[in-house]
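345 is the number that the UniProt record's numbering gives to position 345 of the sequence shown; each next residue is one higher, with no gaps. Scroll down for the structure; my scribbles are underneath it.
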Amino acid sequence: MDALFYLSVVVSIIAIVYQYALHRRINQQKNLPPSPPSLPIIGHFHHLKMPVHETLSDLSNKYGPIFLLRLGSRPILVISSRAAIEECFRNNDIIFANRPLLPSRRISQYNFTTIAAPYGHHWRNLRRFTALEIVSAKRLQMSSEIFADEVKFMIKHLYKRAQKVDVESFFYMLNFNIMMMIVAGKKCFEEEELDLDEIAKGKLDDLKQIFGPFENMALGDYFPYLRWLTYFGVEKQLIKVHKKRDAYIQALLDTLQNNYNPVPGGEISRPIIDVLLKLRESEPEFYTNDVVKGIILTTLLAGTHTTVITLDSAVSQLTAHPEAFKKARDEIDNQVGDSSRLINDADLTKLPYLHCIISEALRLGPVTVLPPCESSEDCTVGGYHIPRGTQLWINAWAVHNDPEFWIEHDRFKPERFLKQSEVQEKGGFKFIPFGLGRRACPGGGLGMRVMALSLGTLIQCFDWEEVKEDQSQKTNRKKAEERHVEIIFRPRGALTKVLAQL
């Protein structure tokens with residue numbers, strides 16, 4: 001048995017070395033983008049240090065805005081400038097319309113039948129469903145009542161407690177409630193659960209473990225000959241998380257299917273699961289159980305983490321910049337006109353500075369490197385030959401912090417988004433928090449409305465006091481951890497009557 005094991009290792013290494021030599025000989029004959037020095041077999045893995053976006057920016061400063069990495073057997077094209085991104089997507093949008101089909105993700109993406117499916121008929125059907133049933137203007141308008149009700153629900157909770165709040169946890173609970181109401185017509189957190197800290201924390205931890213981001217690399221995706229050796233690492237963790245996600249979603253489907261009563265018309269106002277169950281009756285060949293679960297999973301994943309981190313960042317910036325907080329509050333007070341009501345969905349289009357705050361929080365984070373795409377055929381970018389099967393990494397952080405386009409790029413300046421001279425093509429190649437091309441996130445409008453209503457209501461209703469971290473907490477906290485923002489939300493005197501009636 002030991003002899004067989006060592007023989008298989010030797011054979012795998014020989015195969016990797018042969019493949020590396022073959023790729024190297026072929027690629028030397030082509031005009032590839034510049035690359036840092038690489039090592040045999042592992043390629044450029046040794047260059048990738050955390051945080052990755054800063055490492056990529058340092059490499060871009062040395063090798064240019066377009067350069068090539070090789071991670072194991074996979075070529076990676078890294079783009080870090082607006083001009084290069086514009087050229088790439090102007091000429092090669094369809095070619096880079098695929099996501100990498102990483103072997104470790106096959107199970108967690110329901111055999112690649114989710115929105116991460118290859119570009120083609122199946123993906124277009126999924127995108128069409130998303131555009132019509134989840135993020136269309138009509139669906140967003142129908143969902144505005146959900147947004148308002150859940151924001152009021154959580155504001156009432158803050159008003160009753162009047163003690164320090166972990167802002168990230170607060171926003172997670174709010175967004176899980178909103179997305180679950182949209183998906184299934186039910187809350188994640190009821191009022192009695194919020195009043196019991198241990199129950200709420202335990203439930204939140206479970207949901208974050210199930211639906212939180214999983215960004216670790218599975219080495220078997222980059223060293224296919226050694227995948228069987230690396231399977232028990234990241235890939236095994238992915239499968240474990242997927243089983244929990246799948247069980248959670250299947251339980252939702254089972255519960256709602258048992259109570260499902262199809263009615264003609266009115267689908268747009270129904271929870272997404274109800275719409276999917278009706279479609280499964282009429283188109284069972286497409287809306288299989290895996291496809292239905294994949295749509296639900298994607299909606300819950302996409303509708304929580306980035307929204308939460310952006311709101312957490314915006315709160316942190318506003319506590320550090322009280323002049324921006326005051327300007328946003330004055331804008332809200334002027335729009336509402338009196339203290340007899342809370343802001344609502346109809347007010348949001350008349351609050352430009354509030355949207356500027358959110359846009360500036362998006363510019364400064366949390367999106368640093370966009371989700372990778374992959375070329376479906378050979379193409380040319382910046383005059384360089386890009387082989388088929390090359391992953392595309394776009395360093396959004398570098399674009400959002402380019403001093404050529406952003407004045408005082410490292411400062412929090414929401415008013416920059418009021419100036420068209422500085423923010424040209426706000427939704428184009430200079431400001432790309434929701435991605436771009438055919439794989440751009442379709443839920444940007446949904447996210448902006450949820451963030452604007454949530455943040456605007458907090459600004460309108462409460463005076464904020466940040467809880468400073470003492471020295472003992474700094475000492476006990478691990479160096480790699482981000483400090484969670486903790487705020488004491490004190491009800492404004494002018495809004496006390498309104499808050500008491502929630």
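Note that beta-carbon positions come from the ideal geometry of N, C-alpha and C, so glycine has one too. Since this is a predicted model, take the numbers as computed values, not measurements.
>> Based on DSSP bridge pairs, tell me the residues matched to Val78.
In response: DSSP links Val78 through a beta bridge to Phe67 and Trp393.
> Who are the near neighbours of Ile309 in its chain, counting only those whose CB is closer than 6 Å to its CB and skipping five residues on each side?
Replying inline: Within the same chain, and ignoring the five residues on either side of Ile309 in sequence, the residues whose Cβ sits closer than 6 Å to its Cβ are Pro366.
>> Rounded to the nearest angstrom, what separates Asn401 and Ala361 at their Cα positions?
In response: In a straight line, the C-alpha of Asn401 is about 12 Å away from that of Ala361.
>> What residue range does the alpha helix (DSSP H) around Glu331 cover?
In response: Per DSSP, Glu331 belongs to the alpha helix (DSSP H) from Pro322 to Val336.
> Which of helix, strand or coil does DSSP assign to Glu425?
Replying inline: Caution applies to Glu425, whose pLDDT of 49 falls short of 50 and renders its modelled position unreliable; the model cannot decide the point.
> Roughly how many whole angstroms lie between the Cα atoms of Glu415 and Lys327?
Replying inline: Approximately 10 Å, taken between the alpha carbons.
> Excluding sequence positions up to five away, which residues of its chain have a Cβ less than 7 Å from the Cβ of Gly266?
Replying inline: Any reading at Gly266 must be qualified, since the residue scores a pLDDT of 48, below 50, and its modelled position is unreliable; the value itself is stated next. Non-local C-beta neighbours of Gly266 in its own chain, meaning closer than 7 Å and more than five positions away in sequence, are absent.
> When we look at the beta-carbon of Lys293 and count the other beta-carbons within 10 Å, is it buried (16 or more) or exposed?
Replying inline: Flag for Lys293 reads buried.
> Under the three-state reduction of DSSP, which class applies to Gly445: helix, strand or coil?
Replying inline: In the structure shown, the three-state DSSP call for Gly445 is helix.
> Quick check: the region 69-85 against the region 213-225, are there 3 or more CB pairs under 8 Å?
Replying inline: Verdict: yes, contact present.
> Quick one: what's Lys164 bridged to in DSSP?
Replying inline: Residue pairing by DSSP places Lys164 opposite Ile488 in a beta bridge.
> Once you ignore the five residues that flank Gly212 on each side, which residues in its own chain have a CB closer than 7 Å to its CB?
Replying inline: Non-local beta-carbon contacts of Gly212 in its own chain, meaning distances under 7 Å to residues more than five positions away in sequence, involve His305 in chain order.
> Taking the alpha-carbon positions, what's the Thr114 to His321 distance?
Replying inline: Cα to Cα, Thr114 sits roughly 41 Å from His321.
>> Quick check on this structure: which residue in Trp464, Pro403, Ala396 and Cys441 has the alpha carbon closest to the alpha carbon of Ile85?
In response: When the alpha-carbon of Ile85 is set against those of Trp464, Pro403, Ala396 and Cys441, the nearest one is in Ala396.
> Where DSSP assigns a beta bridge to Leu39, which residues make up the other side?
Replying inline: Note: Leu39 sits in a beta bridge opposite Gly43.
> For Thr380, which beta-bridge partners are listed by DSSP?
Replying inline: Paired residue(s): His385.
> DSSP state of Cys373, grouped into three classes?
Replying inline: Correct three-state label for Cys373: strand.
> If we ignore side chains and look at the alpha-carbon of each, how far apart do Arg105 and Glu192 end up?
Replying inline: Answer to the nearest angstrom: the Cα atoms are 38 Å apart.
> DSSP state of Glu87, grouped into three classes?
Replying inline: In this structure, DSSP gives Glu87 a helical state, which the three-state scheme calls helix.
> Does the region 381-396 come close enough to the region 331-343 that 3 or more CB-CB pairs lie under 8 Å?
Replying inline: By the Cβ rule, the region 331-343 does not count as touching the region 381-396, because fewer than three pairs are nearer than 8 Å.
> By DSSP, does Trp406 sit in helix, in strand, or in coil?
Replying inline: Looking at Trp406 - three-state DSSP - the assignment turns out to be coil, as it is neither helix nor strand.
> Got a sec? Which residues, its chain only, sit under 8 Å from Asp378 by beta carbon, not counting five neighbours each side?
Replying inline: For Asp378, same chain residues with a beta-carbon under 8 Å away, outside a window of 5 residues either side, are His385, Ile386, Pro387 and Arg388 in chain order.
> In whole angstroms, what separates the C-alpha of Val315 from that of Val485?
Replying inline: Cα-Cα distance, rounded: 8 Å.
> Which runs of the alpha helix (DSSP H) spanning at least 4 residues fall entirely within the region 242-301, listed in chain order?
Replying inline: Counting whole runs of 4 or more residues, the region 242-301 contains the alpha helix (DSSP H) stretches 272-282.
> Nearest-angstrom Cα distance between Gly493 and Gln460?
Replying inline: The straight-line gap from Cα to Cα measures roughly 11 Å.
>> Given this structure, state the Cα-to-Cα distance separating Pro37 from Phe412, to the nearest angstrom.
In response: Cα to Cα, Pro37 sits roughly 37 Å from Phe412.
>> What does the alpha-carbon distance come out to for the pair Ser313 and Ala398?
In response: One C-alpha to the other measures close to 18 Å.
> Is the region 452-459 touching the region 134-143 in the sense that three or more CB pairs, one from each, lie closer than 8 Å?
Replying inline: Proximity of the region 134-143 to the region 452-459 falls short of the contact definition, fewer than three beta-carbon pairs being nearer than 8 Å.
> If you draw a straight line from the alpha carbon of Glu215 to that of Pro100, how long is it in whole angstroms?
Replying inline: About 14 Å.
> With 16 other CB atoms within 10 Å as the buried threshold, where does Thr475 fall?
Replying inline: Summary for Thr475: the model assigns pLDDT 46, below 50, so the residue's position carries little reliability, and this model does not support an answer.
>> Let's see if you can read the secondary structure: which residues bound the alpha helix (DSSP H) around Phe129?
In response: Element bounds for Phe129: His121 to Glu133.
> What does Phe232 pair with, by DSSP beta-bridge criteria?
Replying inline: The partner list for Phe232 (beta bridge, DSSP) is empty, contrary to what the question assumes.
>> Looking at the strands, I want to know which residues DSSP matches up with Asp463.
In response: Paired residue(s): Arg490.
>> Just to confirm before moving on: does the CB-CB distance between Gly437 and Ala97 stay below 8 Å?
In response: Cβ atoms of Gly437 and Ala97: closer than 8 Å.
> Nearest to Gln209 by CA position, among Ser169, Lys49, Gln250 and Val336, is which residue?
Replying inline: When only C-alpha atoms are compared, the closest one is Ser169.
>> Give me, in chain order, the residues of the same chain whose beta-carbon lies closer than 8 Å to that of Ala302; leave out the 5 immediate sequence neighbours on both sides.
In response: Answer for Ala302: Cys441 and Gly443, listed in chain order.
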